[in-house]
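One structure below.
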Amino acid sequence: MKDFCKWVQSLGLYYSFHKIEDLHTLAQNTTNISWAFLKSSAINTANLNNVNPKIIELKGAFLNIGFSFKSISKKILNVKNETIFLDFTTLSIGELESLMKLRIFNQNIGGILIENQDDFFSKIEILEKMVSDYYSDKNLDEIKAIFFKTIVSKHCFLPIIATDLYEEKILILISKERIKDSINISLDSYDRVQIPFSLKTSDLSYFYKW
């Protein structure tokens, strides 16, 4: 955790700590872009023998992963002979909170909080480029740094989840300006930090149920 916090500071960004259940208060003046991506070859075809491949394509990322969210915007990326399903949606705060508690949050699913609606489509474009670069085998440290520096802005916040040895989770908000109502925690207590684009694509779990 200490290394992550130092790294965030090196990017010229700030971090603050919050209880996940406080998201309702923290996000009351924001909307969110929740995203998911899934490479087609990761789908367990052994369980889908009788499913038309077109149905798999139409379902996209969220539905194939196991979520039944509505009003999903779907894209298909073709990167190095791999088909990548990329979905975007806006969730209720309760749905986003549930998403954050999953072990694959910030692996191939995630979310950002936005105060200014004018930023909506530019942030989606950034996410699309990051996923494309991710599957192009570009340097992970560079992708991660670019992602943080371009996604986080004055009106856009990035939620990160950290977990301690007792499986207790804490919300870390990455911001462009300092957030005052940060709670005090022991950095040494949290040994796992779920950071977007920090794992190799071959190490992603993709599915939250198994």
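Using the numbering used here, the letters of the sequence shown correspond one by one to residues 33 to 242.
Beta carbons: idealized from backbone N, C-alpha and C, even for Gly.
For glycine 142, the uninterrupted beta strand (DSSP E) run begins and ends at 141–146, by DSSP. As the crow flies, the alpha-carbon of serine 234 is around 31 Å from that of serine 48. Taking a 10 Å sphere around the C-beta of asparagine 61, we find fewer than 16 other C-beta atoms and assign the residue as exposed. Between isoleucine 183 and isoleucine 144, the C-beta gap is smaller than 9 Å, which places the two residues in contact. Counting C-beta atoms within 10 angstroms of its own C-beta, proline 85 has fewer than 16 neighbours from the protein chains shown and is therefore classed as exposed. For histidine 56, the enclosing alpha helix (DSSP H) stretches over residues 55–58.
Three or more beta-carbon pairs separated by less than 8 Å link the stretch 65–75 to the stretch 155–166, which places the two stretches in contact. The Cβ-Cβ distance between isoleucine 204 and proline 191 falls below 9 Å. DSSP places serine 66 in the uninterrupted beta strand (DSSP E) bounded by 63–71.
Per DSSP, reduced to three states, the secondary structure at leucine 131 is helical. The beta carbons of lysine 208 and leucine 109 sit no closer together than 9 Å.
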